[in-house]
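Participant:
There are 2 protein chains.
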Amino acid sequence: MLNISAEHKKEHLYLEVYHYYRKLILEGRLLPGSKMPSLRKCAQELKLSRTTIENAYLLLAADGYIIARAQSGYYVTGIASKQHLLTPEKQDKDITPCLYDFASSGVDRESFRFDLWQRYIKSALRQGDRMLSYGEPQGESDFREVLADYIRERRNVICSPDDIVVGAGLQPLLQILCPLIHERKTVSFPTPSFTTCSTIFQDYGFDVHYRDKSCDVIYVSPAHMTKWGEIMPVKRRLELIRHAEINDHLIIEDDFENEFVYFQKPTPSLFGLAGGENVVYIGSFSRLLLPSIRVSFMVLPRSLREKYTKKAAFYNQTASKAEQIALCQFIRDGHLASQTRKLRRLYSQKLKALSQAVRGTFGQDCQIQTGAAGTSLALTLPCSLTGSELTDRARNRGLGLEVLRENGAEVTLVLSCSSIPSKDFLPACQLLKEVTGS
Amino acid sequence: MLNISAEHKKEHLYLEVYHYYRKLILEGRLLPGSKMPSLRKCAQELKLSRTTIENAYLLLAADGYIIARAQSGYYVTGIASKQHLLTPEKQDKDITPCLYDFASSGVDRESFRFDLWQRYIKSALRQGDRMLSYGEPQGESDFREVLADYIRERRNVICSPDDIVVGAGLQPLLQILCPLIHERKTVSFPTPSFTTCSTIFQDYGFDVHYRDKSCDVIYVSPAHMTKWGEIMPVKRRLELIRHAEINDHLIIEDDFENEFVYFQKPTPSLFGLAGGENVVYIGSFSRLLLPSIRVSFMVLPRSLREKYTKKAAFYNQTASKAEQIALCQFIRDGHLASQTRKLRRLYSQKLKALSQAVRGTFGQDCQIQTGAAGTSLALTLPCSLTGSELTDRARNRGLGLEVLRENGAEVTLVLSCSSIPSKDFLPACQLLKEVTGS
Numbered sequence: 547m548l549n550i551s552a553e554h555k556k557e558h559l560y561l562e563v564y565h566y567y568r569k570l571i572l573e574g575r576l577l578p579g580s581k582m583p584s585l586r587k588c589a590q591e592l593k594l595s596r597t598t599i600e601n602a603y604l605l606l607a608a609d610g611y612i613i614a615r616a617q618s619g620y621y622v623t624g625i626a627s628k629q630h631l632l633t634p635e636k637q638d639k640d641i642t643p644c645l646y647d648f649a650s651s652g653v654d655r656e657s658f659r660f661d662l663w664q665r666y667i668k669s670a671l672r673q674g675d676r677m678l679s680y681g682e683p684q685g686e687s688d689f690r691e692v693l694a695d696y697i698r699e700r701r702n703v704i705c706s707p708d709d710i711v712v713g714a715g716l717q718p719l720l721q722i723l724c725p726l727i728h729e730r731k732t733v734s735f736p737t738p739s740f741t742t743c744s745t746i747f748q749d750y751g752f753d754v755h756y757r758d759k760s761c762d763v764i765y766v767s768p769a770h771m772t773k774w775g776e777i778m779p780v781k782r783r784l785e786l787i788r789h790a791e792i793n794d795h796l797i798i799e800d801d802f803e804n805e806f807v808y809f810q811k812p813t814p815s816l817f818g819l820a821g822g823e824n825v826v827y828i829g830s831f832s833r834l835l836l837p838s839i840r841v842s843f844m845v846l847p848r849s850l851r852e853k854y855t856k857k858a859a860f861y862n863q864t865a866s867k868a869e870q871i872a873l874c875q876f877i878r879d880g881h882l883a884s885q886t887r888k889l890r891r892l893y894s895q896k897l898k899a900l901s902q903a904v905r906g907t908f909g910q911d912c913q914i915q916t917g918a919a920g921t922s923l924a925l926t927l928p929c930s931l932t933g934s935e936l937t938d939r940a941r942n943r944g945l946g947l948e949v950l951r952e953n954g955a956e957v958t959l960v961l962s963c964s965s966i967p968s969k970d971f972l973p974a975c976q977l978l979k980e981v982t983g984s
Numbered sequence: 547m548l549n550i551s552a553e554h555k556k557e558h559l560y561l562e563v564y565h566y567y568r569k570l571i572l573e574g575r576l577l578p579g580s581k582m583p584s585l586r587k588c589a590q591e592l593k594l595s596r597t598t599i600e601n602a603y604l605l606l607a608a609d610g611y612i613i614a615r616a617q618s619g620y621y622v623t624g625i626a627s628k629q630h631l632l633t634p635e636k637q638d639k640d641i642t643p644c645l646y647d648f649a650s651s652g653v654d655r656e657s658f659r660f661d662l663w664q665r666y667i668k669s670a671l672r673q674g675d676r677m678l679s680y681g682e683p684q685g686e687s688d689f690r691e692v693l694a695d696y697i698r699e700r701r702n703v704i705c706s707p708d709d710i711v712v713g714a715g716l717q718p719l720l721q722i723l724c725p726l727i728h729e730r731k732t733v734s735f736p737t738p739s740f741t742t743c744s745t746i747f748q749d750y751g752f753d754v755h756y757r758d759k760s761c762d763v764i765y766v767s768p769a770h771m772t773k774w775g776e777i778m779p780v781k782r783r784l785e786l787i788r789h790a791e792i793n794d795h796l797i798i799e800d801d802f803e804n805e806f807v808y809f810q811k812p813t814p815s816l817f818g819l820a821g822g823e824n825v826v827y828i829g830s831f832s833r834l835l836l837p838s839i840r841v842s843f844m845v846l847p848r849s850l851r852e853k854y855t856k857k858a859a860f861y862n863q864t865a866s867k868a869e870q871i872a873l874c875q876f877i878r879d880g881h882l883a884s885q886t887r888k889l890r891r892l893y894s895q896k897l898k899a900l901s902q903a904v905r906g907t908f909g910q911d912c913q914i915q916t917g918a919a920g921t922s923l924a925l926t927l928p929c930s931l932t933g934s935e936l937t938d939r940a941r942n943r944g945l946g947l948e949v950l951r952e953n954g955a956e957v958t959l960v961l962s963c964s965s966i967p968s969k970d971f972l973p974a975c976q977l978l979k980e981v982t983g984s
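Chains as they are written, first to last, in the working numbering: chain A, 547 to 984; chain B, 547 to 984.
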C-alpha cells in the first residue's frame, strides 16, 4: 500500500501517487485494459484530497499510462508491454549525427523549391470533388496524358496515355507487371545492386541472374549501368533490342537518371529504338523532385497492354492522387523541364568539384572512375578493413559511406555528390581519409 | 507541293502552311523525329515570308505536331501514331454525368475539412530536411508510434511501432505479406466481392476459396461481413481464433469500417482477442479521411515480424511521406478521433433517412437488409433485367448502381448513402424506381 510520508510538501503528494501507479502498471501488476479506481474511491483509500488524485491521474494520462474514457473513468493502457517490446538497438540508433552523407540517394538541399511545390499541392487539394473519390486504377488520366507528351518529347517514347500505368514507385509497378508475364521464368539484372527490383521478381517465383542474356526478362538501366554513371552505348542498345526480338525476350528499361547524362547527347530510349515492342519503359521522378514523392510510371508494349486492361480494375492506384494532380500541372507549366536543366547543370559542376576535392586529398593519381551520367564517382583506396567495418567506423565519425567492392587490400567506394554542399567536399574528403587510414 | 492561291488574304497564308504540314504529319509522310525544313529554307521554297512560316510552325508546335529544340530547329513529334492509338471507347465515355451515385465508396462531400487537411500537408512539406530523403521502408517511425497508440486505445491492438508496416493501401501491404507466408497455399475470403485482395493472393500462386475454414489463410473483415454492414459476433470471433490456433491457420483481419458500428458497442478486434498471435491486423483511413489519401497499415504477429525484419530493407515505402507526416500530427491533435465521431453520427442518420426514402418510394414492405455497421443497405426488387443491363440503363440516366445478386426475376442492389446528400435521397430513389421499372 502507498505510504505517504507526512513531511512531504503537499504539492509533491500527487507525484507520489503518480509513481506508485506508474510502478504497478510497468510491473504488469495493473494489466492493460483494467479500470483504475475512481477518484473518489482512491481519495478515500489513500486519505488524500480528490484534487491530488486527479493531478496524479492527469499526469499518468499525459504520459500514456492510463487513458480516460468519457462517462466511465480511467483505464490502464498497453504501455507496459509496449515499452517491453522496444528493441534495444532502436534506442541507441543514430547517436552520431551524419555530417557528410556520401551514400545518400537524396537530392541537393538547395535545388528544390518547396514553396513552388507547396503551391501545386495546395491547388490540387482545392479540387475537393476529385479528392473525395478513389483514384483511377491506372493513374489520373490527365496526368497520363501529360506523361505521354513528356516522354514523347524528351525520350522519344511514343505511346498513348492508355499504355501508361502510374504507381507509387518501381516496386508497385513491377508487382503489376510480374503477374502479367508469369509464363516467363528467369530475369537478368546488370548487377546484384538492384535489390529492391530483384526482390519483387523473386517474390513472384522468378530465378534471378546477372548479365545473362539468355534470360526471359532482361532488366537494364541504360543511363545507370554502373553506380558511377556509365551509360549504355547506342550500338549495344540496338544489339540488345535485336537479341530480344529474335529470342522473344522482354526488356525492362529502367530509365533512371537519364536526365543526368552530361558529357554526351542524351541517348535514345530502348523503347523508342525498338518501336514500342518487347520493351517496358519505366520512369520516375525521385531524382528530379523529392525522393519522398512516390510517383513512377511504366509504359506497356502493345502485347502487355491488352493483358493489363483485363486486370486493371483489380489493382488500386498506389500513388497519392494529390501528388499526381500537382505533378501533372507542375509538368504542364514547364517546371519539371526547368528543374531538370537546373539539376543537370548543378550535378555536373558538383561532380567535377568532388573529383577535384578527392584528388586534392588522396593525390592526383588516386583511382577514380567517372561515367557520362549520374551523381556519383567511384574511388578505390588501399584499405585492410572489411566493408562493414569501414562503414561502421565512418558512421561513428558522422560519415555516410557506400562500399561497392572490397578485397582485403583495397576498397571501392561510391561517393555521391548530391546531398553534400560543394563547400563541404574538402572537409568530407579529409574525414574520409582519416577513416580509411590511407 | 504546297499551292498558295493568290486571292487568299495574307493573314490566312500561315494557316495554309499549317494545314499542309499537319496533313503530311498525320498521314505519316513526315515521320516522328524527322527535322522540319528551317524557316529560311521553307520560306525560300514556298516563296513566302519568314514570318508566315514562323507563325505556321508556332501553331503546329502549339497543337503538338512539331516541337522546337534549342539551337537546332523544329522536329516532328509522335502525335500521328498517338492519335491513331486513341481508343474510341475512351472518347465517348462519361457522356451522362452521374447525378446520384449509390455505388460510391467515397466519403460524404460535406464531412471532410479540406482547409484543415491542407494546413497539415503544408506543415509537413515545410519539414524540408525530411522531405529530401527517401522514407523509412516500414513507414515513418513517429507515424508508427502514433498508430500503435491509436489502435491500442481504440481497437485493443497492443503492439510495438516495430510491428507496424505502413503502405499505400491494402494491396501493397499484401504484396509484402504474401511472400512472407509463401509456405501457405490456400486462402479463404468471405465473399467473391473482395476482388482487389484476392487478386494479390492469386498473383502469388495462392488458391482462392470462399468461406472455407480449412484454408491456410483466412481473410475476414469482421465489421463488414456483408456489403450491408453485418458484423461478426464476438462468439464467432472467439471460435475463429480457436480454430486458427488449433490448425495453425493465419487470420488476416481487415478492420474495414470498424469505426461505423452504430447499433452496438464496437466489437473487440481479433488481433486483441487472440493476444497478437496468428492474426495480421490491417487498418486504413480511406473511409475516414479521403479515399484519395493512400495510407494503410498492418500489424504483424511476432512470428512474421522476424521474417519481415530480415526483408524490410528490400521494400521501398509506397505511401507518400508528406501524407504520413501530416496524418501523424492530425491524429496526435485529435482530429481523426473527432472526424470518426462526426462521420459515425452522420452515416447513422443518413442510413436511417435512406431507409425511409426507400420505403417511401418502394412501399413499406419492400425487402431491405441493414446491418449494425457501414454506410450501405441492400434492397431486393423484382426486375427481369440482367445486372449489367440494369447498371448500364442506370448509368445512362445518371444513376450509379452496384448489383449484388440477380436471378432473372429479382435483383439485389447495394445502396451506399455516403456520397449522396440526404436531401437527394427521395429523387434518387424515384429515379431508381423508374430505371428498374418496379
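All residues carry an ideal CB built from backbone N, CA and C; glycine is no exception.
What do you reckon, are the CB atoms on B:VAL825 and B:ILE797 nearer than 7 angstroms?
Facilitator: Yes, they are a contact pair.
Participant: Quick one: does A:GLN717 have its CB under 7 angstroms from some CB of chain B?
Facilitator: Yes, A:GLN717 lies at the interface with chain B (some Cβ there is under 7 angstroms from its Cβ).
Participant: Closer than 8 angstroms, Cβ to any Cβ of chain B: which residues of the region 653-666 of chain A, in chain order?
Facilitator: Residues passing the 8 angstroms Cβ filter: VAL653, ARG655, PHE658, PHE660, TRP663 and GLN664.
Participant: Decide if the region 829-839 of chain A is in contact with the region 819-836 of chain B; the criterion is three or more beta carbon pairs, one per stretch, under 8 angstroms apart.
Facilitator: In short, these stretches do not touch, since the Cβ pair count stays below three.
Participant: Closest Cβ-Cβ distance between A:ASN862 and chain B: below 7 angstroms?
Facilitator: Chain B contact via Cβ: present.
Participant: Helix, strand or coil for A:TYR560 per DSSP?
Facilitator: In this structure, A:TYR560 counts as helix in the three-state DSSP scheme.
Participant: Does the Cβ of A:THR855 have 16 or more other Cβ atoms within 10 Å, making it buried, or fewer, making it exposed?
Facilitator: With fewer than 16 Cβ atoms within 10 Å of its Cβ, A:THR855 is classed as exposed.
Participant: Which stretch, first to last residue, makes up the beta strand (DSSP E) that contains B:ASP800?
Facilitator: Residues 796-800.
Participant: For B:PRO736, decide whether its Cβ has a neighbour in chain A, counting only Cβ atoms nearer than 7 angstroms.
Facilitator: Chain A, which has no Cβ nearer than 7 angstroms to the Cβ of B:PRO736, makes this no.
Participant: Assuming contact is defined by CB atoms lying nearer than 7 angstroms, are A:PHE806 and A:SER767 in contact in what I supplied?
Facilitator: No; because the gap between Cβ atoms is not below 7 angstroms, this pair is not in contact.
Participant: Taking the continuous alpha helix (DSSP H) assigned at B:ILE792, which residues delimit it?
Facilitator: That run of the alpha helix (DSSP H) goes 780-793.
Participant: Determine the extent of the beta strand (DSSP E) in which A:VAL949 is found, giving its start and end residues.
Facilitator: Where A:VAL949 is concerned, the enclosing beta strand (DSSP E) stretches over 948-952.
Participant: Say yes only if the C-beta of B:SER922 is nearer than 6 angstroms to one or more non-hydrogen atoms of the ligand COA, and no if none qualify.
Facilitator: Summarising the ligand content, the structure contains no ligands, and the ligand COA is consequently not present.
Participant: Please classify B:LEU631 as buried or exposed, where buried requires at least 16 other C-beta atoms within 10 Å of its C-beta.
Facilitator: Only weak support exists for where B:LEU631 lies, its pLDDT of 42 falling under 50; the value from the coordinates is given anyway. Classification of B:LEU631: buried, given that the 10 Å Cβ count is 16 or more.
Participant: Taking Cβ-Cβ distances shorter than 7 angstroms, what residues in chain A pair up with B:PRO578?
Facilitator: Going along chain A in sequence order, the residues near B:PRO578 (Cβ under 7 angstroms) are ILE704.
Participant: If distances are taken between C-alpha atoms only, which option among A:GLN863, A:ASP647, A:PHE658 and A:SER930 comes closest to A:ASP970?
Facilitator: Among A:GLN863, A:ASP647, A:PHE658 and A:SER930, the Cα nearest to that of A:ASP970 belongs to A:ASP647.
Participant: Output needed for A:LEU816: all residues of its chain with C-beta closer than 8 angstroms, excluding positions within five of it in sequence on either side, in chain order.
Facilitator: Here the set comprises VAL766, PRO768, ARG783, LEU786, ILE787, ILE797, GLU799, VAL825 and TYR827.
Participant: Would a C-beta distance cut-off of 7 angstroms place B:PRO707 and B:GLU691 closer than the cut-off?
Facilitator: Yes, these two residues count as a Cβ contact at 7 angstroms.
Participant: Taking 7 angstroms as the threshold (C-beta atoms), are B:THR864 and B:PRO718 in contact?
Facilitator: Their beta carbons are under 7 angstroms apart, which means B:PRO718 touches B:THR864 by this criterion.
Participant: Span of the beta strand (DSSP E) holding B:PRO973?
Facilitator: No beta strand (DSSP E) contains B:PRO973, which is instead part of the alpha helix (DSSP H) from 971-982.
Participant: Say whether chain B places a C-beta atom closer than 7 angstroms to the C-beta of A:ASP688.
Facilitator: False, the Cβ-Cβ gap to chain B never drops below 7 angstroms.
Participant: The beta strand (DSSP E) that contains B:THR732, what's its start and end?
Facilitator: Its beta strand (DSSP E) spans residues 732-735.
Participant: When you check each C-beta in the region 588-616 of chain A against every C-beta of chain B, which residues fall closer than 8 angstroms?
Facilitator: Those would be GLY610 and ILE613, in chain order.
Participant: Whose Cβ in chain B lies nearer than 9 angstroms to the Cβ of A:GLN721?
Facilitator: Those are GLN717, PRO718, GLN721, ILE746 and ASP749, listed as they occur along chain B.
Participant: In chain A, which residues lie with their C-beta within 9 angstroms of the C-beta of B:ALA868?
Facilitator: Here the neighbours are ILE667, LEU836, SER838, ILE839, SER866, ALA868 and GLU869.
Participant: Tell me whether the beta-carbon of B:CYS724 lies closer than 7 angstroms to the beta-carbon of B:TYR750.
Facilitator: It is a contact, given that the beta carbons lie within the stated cut-off.
Participant: So with CB distances below 7 angstroms, who are the chain A contacts of B:ARG698?
Facilitator: In chain order: THR623 and GLY624.
Participant: Please return the same chain residues whose Cβ sits closer than 7 angstroms to the Cβ of B:LEU726, not counting the five positions on each side in sequence.
Facilitator: Same-chain partners within the cutoff: LEU850, LYS853 and TYR854.
Participant: Assuming B:GLU686 and B:ILE839 make a contact with CB atoms under 8 angstroms, what is their CB distance in whole Å?
Facilitator: B:GLU686 to B:ILE839, Cβ: 15 angstroms. No contact.
Participant: Could you round the C-beta distance between B:VAL981 and B:ARG939 to whole angstroms and report it? I think they count as a contact, below 8 angstroms.
Facilitator: That pair is a contact at about 6 angstroms.
Participant: Please go through the same chain and pick out, in chain order, the residues whose beta-carbon is closer than 6 angstroms to the beta-carbon of A:ASP638, but skip the five residues on each side of it.
Facilitator: Residue placement at A:ASP638 cannot be trusted, given a pLDDT of 43 that sits under 50; the coordinates are not used to answer.
Participant: Just the C-alpha distance for B:LEU977 and B:LEU945, rounded to the nearest angstrom, thanks.
Facilitator: So the two alpha carbons sit approximately 8 angstroms from each other.
Participant: Is the CB-CB distance between A:PRO814 and A:ASN702 below 7 angstroms?
Facilitator: In this structure, A:ASN702 lies closer than 7 angstroms to A:PRO814 by Cβ.
Participant: Less than 6 angstroms between C-beta atoms, sequence neighbours within five positions excluded: which residues of the same chain meet that for B:GLY933?
Facilitator: Excluding residues within five positions, the ones whose Cβ falls inside 6 angstroms are VAL949 and GLU952.
Participant: Within the 7 angstroms Cβ cut-off, does B:ALA820 reach chain A?
Facilitator: No, its Cβ sits nowhere closer than 7 angstroms to a Cβ of chain A.
Participant: Would DSSP call A:ILE828 helix, strand or coil?
Facilitator: In the structure shown, A:ILE828 sits in a strand (DSSP, three-state: E or B).
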